[in-house]
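Colleague: Dropping a structure here in structure tokens format, bear with me for questions.
Here's what the structure looks like:
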């Protein structure tokens, strides 16, 4: 019987499972790893969420800057082209009427002309004549008188005729019509022509000025 008891005792000793400390450590490591992964995942999600906001903020800021630059460029173009925008119109400019330009006082100086005696003064060919009995205004022609013929000036208009080659001048009165030769504007009576040039010259280029 003692042998049998010893045999059972040996069998019981054989069935007892010794403790396994490495298994417990493995479970602890697995649990710690799961916690770490959860923490890392949460941090990553938060980082992604926070990172998207700066991107959106930056994009919005860039869009606002672009809009401001476009508006500034448009205003510069309006100023360069002389166009005034609605915000640049001042009340005084909007309410003011058209400016009045001061009336110009007619100049009393004679109008210059170089055509054949059509203006108040100028230069043209001057000749003389000594034949005829009656002038165009009905007067008796005096070849030695200080008179002249002109195509358009009113009768009794006084003209000063100057010979630029010698500076001599004579004042004559219009009482006849002529001359009817191209390039000439005044036909002096022989006596008037003799005061400023030689009769042998026949025709001279002279300056004239309408006095009255």
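Residue numbers (this note's numbering): -5 to 206.
From the three backbone atoms N, C-alpha and C, an ideal C-beta is built for every residue, glycine too.
Bear in mind the structure is a predicted one, so any value in this text is a computation, not a measurement.
(1) Thinking C-beta only, is residue 119 closer than 7 Å to residue 194?
(2) With a threshold of 7 Å between beta-carbons, can residue 138 be considered close to chain D, or not?
(3) Do you know how far the Cα of residue 163 is from the Cα of residue 191?
(4) Do you know whose CA, among 133, 167, 146, lies nearest residue 154's CA?
(5) Less than 6 Å between C-beta atoms, sequence neighbours within five positions excluded: which residues of the same chain meet that for residue 197?
(6) Helix, strand or coil for residue 205 per DSSP?
(7) For residue 147, which of helix, strand or coil comes out of DSSP?
(8) Considering just the uninterrupted stretch of the alpha helix (DSSP H) at residue 174, what are its terminal residues?
(9) Which of the three DSSP states is assigned to residue 116 in this structure?
(10) Taking residue 138 as the reference, give the member of 149, 114, 125, 146 with the closest Cα.
(11) Anyone know if the C-beta pair for residue 182 and residue 142 falls short of 7 Å?
(12) Of the residues 117, 140, 150, which one's Cα is nearest the Cα of residue 184?
(13) For the alpha helix (DSSP H) containing residue 184, list its first residue and its last residue.
(14) Exposed or buried, what is residue 116 when buried is set at 16 or more other beta-carbons lying within 10 Å of its beta-carbon?
(15) What do you reckon, are the CB atoms on residue 152 and residue 205 nearer than 7 Å?
(16) Can you tell me whether residue 173 is buried or exposed, with buried defined as 16 or more other CB within 10 angstroms of its CB?
(17) Considering only their Cβ atoms, is the gap separating residue 157 from residue 200 smaller than 7 Å?
(18) Could you tell me the alpha carbon to alpha carbon distance between residue 144 and residue 180, rounded to whole angstroms?
(19) Assuming residue 135 and residue 128 make a contact with CB atoms under 8 Å, what is their CB distance in whole Å?
(20) In terms of residues, what are the limits of the beta strand (DSSP E) holding residue 208?
(21) Where does residue 195 sit, in a helix, a strand or coil, going by DSSP?
Modeller: Looking at the coordinates:
(1) No, these two residues do not count as a Cβ contact at 7 Å.
(2) No chain D appears in this structure, which consists of one protein chain only.
(3) Each residue's Cα considered, the two are about 9 Å apart.
(4) Measuring from the Cα of residue 154, the nearest candidate turns out to be 167.
(5) So the list reads 119, 121, once near-sequence residues are dropped.
(6) In the displayed model, residue 205 falls within coil according to three-state DSSP, outside both helix and strand.
(7) In this structure, residue 147 counts as coil in the three-state DSSP scheme.
(8) Where residue 174 is concerned, there is no enclosing alpha helix (DSSP H), because DSSP gives it neither an H nor an E.
(9) It is a strand residue.
(10) Distances from the CA of residue 138 to each of 149, 114, 125, 146 were compared; the closest alpha carbon is that of 125.
(11) For residue 182 and residue 142, yes; Cβs fall inside 7 Å.
(12) It is 140.
(13) That run of the alpha helix (DSSP H) goes 184 to 188.
(14) By the neighbour-count criterion, in which a residue is buried when 16 or more other Cβ atoms sit within 10 angstroms of its Cβ, residue 116 is buried.
(15) The Cβ-Cβ distance between residue 152 and residue 205 falls below 7 Å.
(16) Label assigned to residue 173: buried.
(17) In contact: residue 200 and residue 157 (Cβ atoms closer than 7 Å).
(18) Whole-angstrom Cα-Cα distance: 5 Å.
(19) Your pair residue 135 and residue 128 checks out as a contact, with CB atoms roughly 6 Å apart and the cut at 8 Å.
(20) Outside the shown range of the chain, which is -5 to 206, sits residue 208, and nothing can be said about it.
(21) Helix, per DSSP.
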